[in-house]
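Position 128 (the sequence shown) corresponds to 128 in UniProt numbering; numbering is contiguous.
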Amino acid sequence: MRRLLAIGEALIDFIPNTTDSKLKDVEGFSRQVGGAPCNVACTTTKLGGQAEMITQLGEDAFGDLIVETLEDLGVGTQYLKRSSEANTALAFVSLTKEGERDFSFYRKPSADMLYNEEQVSQIEVTEQDILHFCSVDRGVSPMKMAHKALIEKVRHANGTVVFDPNVRLPLWDSEADCKSAIQAFVPFADIIKISDEELSFVTGYEDENQAIQWLFQGHVQAVIYTKGAEGAAIYLKDGTTIVEQGYKVKAIDTTGAGDA
């Protein structure tokens, strides 16, 4: 069986108990294990696949909760580290009536950002492995170098690399820093997963077709383009396009929808 290696942030999302309120006005939250790479790993095992979570958590109660949740879902934790130098990352979410979100992150730094390339040396990879990563941990930190090292390792083993930009501008010093970091990693992926909210920002093109074609650089062989209520499409380098229409539903909370 092929194995998914998800590297990056695992955190606690605090979801408001009410909608259509500014974050400062929310009186109660429910906590959920989150972080885009973590969501992908959990979804993989729920669908019967094999997944490992590669991250670092604080030696705190929130880190304990994440480890417990991963193990309950069958996600491997052999490459998950704990640190006393920083806390587990937290994200507070506010929701509109339509289920759209706004985030406030607590991670300056968080434990995942301190995961380093030396720890990557302990990870054994084969051509059967699929590496999945996002952009939240692409800022200047030891974790950025760990990503580079693991991507190189998977490429050398002829494995598959998947990149989901997952743009979160509040975590960056500037939009330009975020954009340049994402663009620098695009050529190293075999598969790019990107949303309609991110496409023009990442590529610099407003025209959808031009933007999709811009992504086909370096090793990229396929682009998965998600469009919310309008469904999704897969574009292959050979020109093949597969389109799936969206389901008509009332959105309650879209947090994690793109990851799943």
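Where is the CB? At the ideal position from N, CA and C, for every residue including glycine.
Next item on the list: Using three-state DSSP, classify Gly-159 as helix, strand or coil.
Entry: Within the sequence shown, numbered from 1, the residue matching residue 159 stands at position 159. Gly-159 falls in the coil class under three-state DSSP.
Next item on the list: Let me know the secondary structure DSSP gives His-132 once reduced to three states.
Entry: Along the sequence shown, read from residue 1 onward, the residue named residue 132 stands at position 132. DSSP places His-132 in the strand class (E or B) of the three-state scheme.
Next item on the list: Look at His-192 and Leu-215 and say whether their C-beta atoms are less than 7 Å apart.
Entry: Locating residue 192 in the sequence shown gives position 192, where the first residue counts as 1. Locating residue 215 in the sequence shown gives position 215, where the first residue counts as 1. The amino acid occupying residue 192 in the given sequence is Ile; His does not appear at that position. For the 7 Å CB-CB criterion, Ile-192 and Leu-215 form a contact.
Item checked: DSSP state of Phe-201 mapped onto helix, strand, coil -> Counting from 1 along the sequence shown, the entry for residue 201 is found at position 201. Note: Phe-201 maps to helix in three-state DSSP.
Checklist line | Of the residues Gly-8, Gly-231, Leu-236, Tyr-225, the one placed nearest Ser-110, counting alpha carbons only | finding: Locating residue 110 in the sequence shown gives position 110, counting from the first residue. Here the closest residue by C-alpha is Gly-8.
Next item on the list: My understanding is that Phe-14 touches Ala-91, with C-beta atoms under 8 Å, so please give their C-beta distance in whole angstroms.
Entry: Reading the sequence shown from its first residue, position 14 is the one you call residue 14. Reading the sequence shown from its first residue, position 91 is the one you call residue 91. That belief holds up - the Cβ atoms of Phe-14 and Ala-91 are roughly 7 Å apart, short of 8 Å.
Notebook entry, point to check: What three-state label does DSSP hand Pro-142 in the structure shown?
Noted result: Within the sequence shown, residue 142 is the residue found at index 142, counting from 1. Reduced to three states, the DSSP call for Pro-142 is helix.
Item checked: Sub-7 Å separation of Val-167 and Ala-189 beta-carbons -> Counting from 1 along the sequence shown, the entry for residue 167 is found at position 167. Counting from 1 along the sequence shown, the entry for residue 189 is found at position 189. Result no, Cβ atoms of Val-167 and Ala-189 do not sit closer than 7 Å.
Next item on the list: Can you say whether Met-1 is buried or exposed, counting buried as having 16 or more other CB atoms within 10 angstroms of its CB?
Entry: Here residue 1 refers to the residue found at position 1 when the sequence shown is read from its first residue. Burial call: exposed.
Item checked: Glu-238 versus Asn-209 - alpha carbon distance -> Locating residue 238 in the sequence shown gives position 238, counting from the first residue. Locating residue 209 in the sequence shown gives position 209, counting from the first residue. It is Asp, not Glu, that sits at residue 238 in the sequence shown. If I take the Cα positions, the gap works out to 15 Å.
Item checked: Touch test, the region 43 to 50 against the region 12 to 30, Cβ-Cβ under 8 Å, three pairs minimum -> The region 43 to 50 is not in contact with the region 12 to 30.
Check: Applying the criterion that 16 or more other CB atoms from any shown protein chain within 10 Å of the CB defines a buried residue, is Glu-198 buried or exposed?
Finding: Counted from its first residue, the sequence shown places residue 198 at position 198. So Glu-198 counts as buried.
Next item on the list: Check whether the Cβ atoms of Ile-212 and Ile-224 lie closer than 7 Å to each other.
Entry: Here residue 212 corresponds to residue number 212 of the sequence shown, with the count starting at 1. Here residue 224 corresponds to residue number 224 of the sequence shown, with the count starting at 1. No; because the gap between Cβ atoms is not below 7 Å, this pair is not in contact.
Check: Beta carbon of Ser-200: closer than 6 Å to some heavy atom of the ligand ATP?
Finding: The ligand ATP is not part of the structure shown, which contains no ligands of any sort.
Check: When DSSP labels each residue in this structure, what does Ala-232 get in the three-state scheme?
Finding: By 1-based counting over the sequence shown, the position of residue 232 is 232. Correct three-state label for Ala-232: strand.
Check: What do you reckon, are the CB atoms on Ala-149 and Val-120 nearer than 7 Å?
Finding: Your numbering for residue 149 matches position 149 in the sequence shown. Your numbering for residue 120 matches position 120 in the sequence shown. Contact flag set, yes.
Item checked: Residue of Met-143, Val-75, Asp-173, Phe-103 minimising C-alpha distance to Val-26 -> Here residue 26 refers to the residue found at position 26 of the sequence shown. The shortest Cα separation from Val-26 among Met-143, Val-75, Asp-173, Phe-103 belongs to Phe-103.
Next item on the list: Return the residue from the list Thr-44, Thr-77, Gln-56, Ile-194 that minimises the CA-CA distance to Pro-142.
Entry: One-based indexing of the sequence shown puts residue 142 at position 142. Just measuring C-alpha positions, the residue of Thr-44, Thr-77, Gln-56, Ile-194 sitting nearest Pro-142 is Gln-56.
Item checked: Contact under 7 Å by Cβ, Val-125 with Lys-153 -> In the sequence shown, the residue the question calls residue 125 occupies position 125. In the sequence shown, the residue the question calls residue 153 occupies position 153. Yes.
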